[in-house]
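Novice:
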Amino acid sequence: MNEASVKEAPVNEATGSLGPYLQDVYRRLYQAYGPQGWWPGDGPLDVVVGAILTQAAAWTNVEMALDNLKANQCFSLAAINQKSQEDLAAIIRPSGYFNAKARKLKAFAHHIDRWYHGNLEGFLSQDLETLRSELLSIHGIGPETADDIVLYAAGKPSFVIDSYTRRILGRLGVMDGALKHGYAVCQALFHDNLPRDAVLFNEFHALLDRHAKVACAKTPRCAGCCLLDVCATGQTMESGQPHAVPLTGS
């Protein structure tokens, strides 16, 4: 991807002191990997069901569970609501923790049926804070799953924080002990330093996940990393000495 393509990526002006650095990280990732095209799926229901099934599961296993739901004519909120929890668990077995996830899917389907007459789009059309708060009130939906749904199903700017993002934040040096910080603290790093833009948040989160799998794995593969010269961990591994991460992205 050429420099012109990178400049077309959806980053405008940052609002906080870490903004230029985070924008630089974003541009480097975008140049290295290109647009990720998240969320995989066919629409809001794919996102909602996928967000619940992907809890503690690899996406390949989630895809098998999604295929099973479709093959068993169970890929609608009405069908999920009507299916017994035991039968639903058997269908989504490939995703792991299938009994717990069946209960979560049924809780979500019941909520939409009871309060929105099965209208998922109407539920998702609420303002961001109301939607997120209501999602968190539903059994089995925590902050990460809620933000997956808010960002990728509703198209509203709430940055998703997962274990990959925490790992990268800690290694970059922008947040000491990122793995120990609460969800809201990590999320505020993005909300306070970048424009609240759903397209940007969508792509940035997807790129961070891609980078964690390609380079910033549990054992980092720093050679050739596109963030090497702006990463505290990468610089330490290269020089053998502690290295301060630049905050300007220069």
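Residue numbering for the sequence shown follows my numbering, starting at 940 and increasing by one per position.
C-beta atoms are modelled at their ideal positions from N, C-alpha and C, and glycine is treated no differently.
Values in this document were obtained by computation on a predicted structure and should not be read as measured data.
1. By the DSSP assignment, the alpha helix (DSSP H) with Ile991 in it spans what residues?
2. Here's the rule I'm using: 16 or more other beta-carbon atoms within 10 Å means buried, otherwise exposed. How should Leu1128 be labelled?
3. Any contact between the region 1150 to 1163 and the region 1085 to 1093? By contact I mean 3 or more CB pairs, one from each, below 8 Å.
4. To the nearest angstrom, report how far apart Ser1034 and Ser1015 are at their CA atoms.
5. Suppose contacts are defined by Cβ-Cβ distances below 9 Å. Is Ala990 in contact with Thr1084 by that definition?
6. In the structure shown, what three-state DSSP assignment does Phe1140 receive?
7. Assuming contact is defined by CB atoms lying nearer than 9 Å, are Asp1101 and Gly1109 in contact in what I supplied?
8. Less than 9 Å between the C-beta atoms of Phe1037 and Ala1046, yes or no?
9. Out of curiosity, what's the CA-to-CA distance linking Asn1141 and Leu1133?
10. Do Leu992 and Lys1022 have their CB atoms nearer than 9 Å?
11. Assuming contact is defined by CB atoms lying nearer than 9 Å, are Leu1147 and Ile1107 in contact in what I supplied?
12. In chain order, what residues of the same chain have a beta carbon less than 6 Å from the beta carbon of Thr1069, not counting five sequence neighbours either side?
13. Report the start-end ranges of each alpha helix (DSSP H) in the region 1002 to 1060 that is 4 residues or longer and not cut off at the edges.
14. With distances taken from CA atoms, which of Gly973, Tyr965, Cys1161, Pro979 is nearest Thr999?
15. Are the CB atoms of Glu1060 and Pro974 nearer to each other than 9 Å?
16. Just checking, does the region 1157 to 1174 make contact with the region 960 to 971 on the three C-beta pairs under 8 Å criterion?
17. Ends of the alpha helix (DSSP H) at Arg966?
18. Can you say whether Leu1075 is buried or exposed, counting buried as having 16 or more other CB atoms within 10 angstroms of its CB?
19. Mapping the DSSP letters down to three states, classify Ala1127 as helix, strand or coil.
20. Around the Cβ of Asn1058, are there at least 16 other Cβ atoms within 10 angstroms (buried) or fewer (exposed)?
21. How many angstroms separate the CA atom of Ser1064 from the CA atom of Ile1088?
22. State the Cα-Cα distance for the pair Leu1067 and Thr1104, rounded to the nearest angstrom.
23. Drop a sphere of 10 angstroms on the beta-carbon of Asp1086, count the other beta-carbons inside from all chains shown, and report buried for 16 or more, exposed for fewer.
24. When the distance is taken between beta carbons, is Arg967 closer than 9 Å to Cys1125?
25. Taking Cβ to Cβ, would you say Asn1020 is nearer than 9 Å to Asp1052?
Specialist: With the given structure in hand:
1. From DSSP, the alpha helix (DSSP H) with Ile991 extends over 983 to 992.
2. buried
3. no
4. 18 Å
5. yes
6. helix
7. no
8. no
9. 13 Å
10. No; because the gap between Cβ atoms is not below 9 Å, this pair is not in contact.
11. yes
12. none
13. 1016 to 1021, 1024 to 1030, 1037 to 1055
14. Pro979
15. Their beta carbons are not under 9 Å apart, which means Glu1060 does not touch Pro974 by this criterion.
16. A contact between stretches requires three or more CB pairs, one per stretch, nearer than 8 Å, and the region 1157 to 1174 meets this requirement with the region 960 to 971.
17. Arg966 -> alpha helix (DSSP H) spans 958 to 972.
18. exposed
19. helix
20. exposed
21. Computed Cα separation, rounded: 12 Å.
22. 22 Å
23. buried
24. no
25. yes
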